[in-house]
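At position 12 of the first sequence the residue is numbered 11 (numbering that gives the first Met the number 0), and the sequence of numbers has no breaks. Shown next, in structure tokens, is the structure this report addresses.
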Amino acid sequence: MYNAMDLTQKIYFNLMKVPKGKVITYKELAKSTNSRAYRFVGNCMKNNKFPDKIPCYKVVNSNGNVGNYSGKGGVKIKIKKLRFDGIKVVNGKIDLKRFGESLNNGGIQ
DNA sequence: CCCTTGACCAAAC
DNA sequence: GGTTTGGCCAAGG
Numbered sequence: 000m001y002n003a004m005d006l007t008q009k010i011y012f013n014l015m016k017v018p019k020g021k022v023i024t025y026k027e028l029a030k031s032t033n034s035r036a037y038r039f040v041g042n043c044m045k046n047n048k049f050p051d052k053i054p055c056y057k058v059v060n061s062n063g064n065v066g067n068y069s070g071k072g073g074v075k076i077k078i079k080k081l082r083f084d085g086i087k088v089v090n091g092k093i094d095l096k097r098f099g100e101s102l103n104n105g106g107i108q
């Protein structure tokens, strides 16, 4: 069933569970799949096959930095989308205490 | 198999 | 505070 999904698929699936107005870090997203491959999460976003289906812009660095984005428009658009979701981005950073979602116990492992 | 490559992380400097 | 360093994991060549 779910366990049959590739790690990549699990990552995508869990990412889509992040509620509007929240973000998740690469590390937490990896953890939600019961893995520690947080670097690989970045690769999955870069290789994203469904740019329109998957909200990659919600994935940020653990230190609160917005991080990178290779979609059209680059980081600027990433920030714009985050703000559109009601997330406050100050000087390229996000307050994870307020907007971070851990999704532990809700994600597919 | 071994080697390289990342949209990263935490600690050390 | 910033920058560097070593570690991390899965994919692909």
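Beta carbons are placed, not taken as given, at the ideal position from N, Cα and C, and that holds for glycine.
Residue i burial status per 10 Å Cβ neighbour count (16 or more: buried)
i: residue 90; result: exposed
i: residue 41; result: buried
Distance between residue j and residue i (C-alpha atoms, nearest Å)
i: residue 23; j: residue 79; result: 17 Å
i: residue 28; j: residue 64; result: 15 Å
i: residue 62; j: residue 38; result: 15 Å
i: residue 70; j: residue 50; result: 8 Å
Run of the alpha helix (DSSP H) containing residue i, from where it starts to where it stops
i: residue 56; result: Where residue 56 is concerned, there is no enclosing alpha helix (DSSP H), given that its DSSP letter is neither H nor E.
i: residue 63; result: Careful: residue 63 lies outside any alpha helix (DSSP H) and carries neither H nor E.
i: residue 74; result: 73-83
i: residue 36; result: Counting along the chain, residue 36 falls outside any alpha helix (DSSP H), and DSSP gives it neither H nor E.
DSSP state of residue i mapped onto helix, strand, coil
i: residue 41; result: helix
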